[in-house]
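All you need for my numbering is the position in the sequence shown, starting with 1, plus 28.
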Amino acid sequence: GGAGPPPPPPMPSRDSGAPGPPPPPPMPSRDSGAPGPPPPPPMPNRDSGYVSGVPNMPQPTGDRGDLLSGIKQAGGIGALKKVDRSKVRDRSAAAVPGGADTGPAGSGLPPATTSAGGGGGLADALAEALNKRKQKVGASDDEAEEDDW
Numbered sequence: 029g030g031a032g033p034p035p036p037p038p039m040p041s042r043d044s045g046a047p048g049p050p051p052p053p054p055m056p057s058r059d060s061g062a063p064g065p066p067p068p069p070p071m072p073n074r075d076s077g078y079v080s081g082v083p084n085m086p087q088p089t090g091d092r093g094d095l096l097s098g099i100k101q102a103g104g105i106g107a108l109k110k111v112d113r114s115k116v117r118d119r120s121a122a123a124v125p126g127g128a129d130t131g132p133a134g135s136g137l138p139p140a141t142t143s144a145g146g147g148g149g150l151a152d153a154l155a156e157a158l159n160k161r162k163q164k165v166g167a168s169d170d171e172a173e174e175d176d177w
């Protein structure tokens, strides 16, 4: 007696060690046509459960009165963070490559004094540094033209 051919291997099931193919996604009903994008998440309500240590602030309109009222509502002048101006100056100067705040004259670094108007200090310092750099580049270009190649 001969035994017949071996039985075919069993179909893989979810219980076996090898994972089967994932189930197909549910088909949309034919009446709806193409499925639309998922609905957007609901926008958080400003009055919902979010709580911060600052009272409700008025919407800023850009004038100084609103700024002052915002400071008062946040706890007054005492709640404002004090900043050492020398540290602010050091930090901005660190972004300029090639030197420290006390670099030699002509190093392209802005002077340590602040502008009299108090506005645009960083912009003024950058403009001055760029002007000094232009002067240095212009001088080196003149020298390069005299060289024999």
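C-beta atoms are modelled at their ideal positions from N, C-alpha and C, and glycine is treated no differently.
DSSP, read as helix, strand or coil, puts Lys160 in helix.
Here the alpha carbon of Ala155 sits roughly 11 Å from the alpha carbon of Lys162.
Residue burial annotation: Ala153 is buried, with at least 16 other C-beta atoms found within 10 angstroms of its C-beta.
Judged by DSSP in its simplified three-state form, Lys100 adopts helix. In the displayed model, Val165 falls within a helix according to three-state DSSP. The beta carbon of Pro33 is closer than 8 Å to none in its chain, skipping five residues each way along the sequence.
For Asp94, the secondary structure class from DSSP, reduced to helix, strand or coil, is helix.
In the three-state reduction of the DSSP assignment, Gly32 falls in the coil class.
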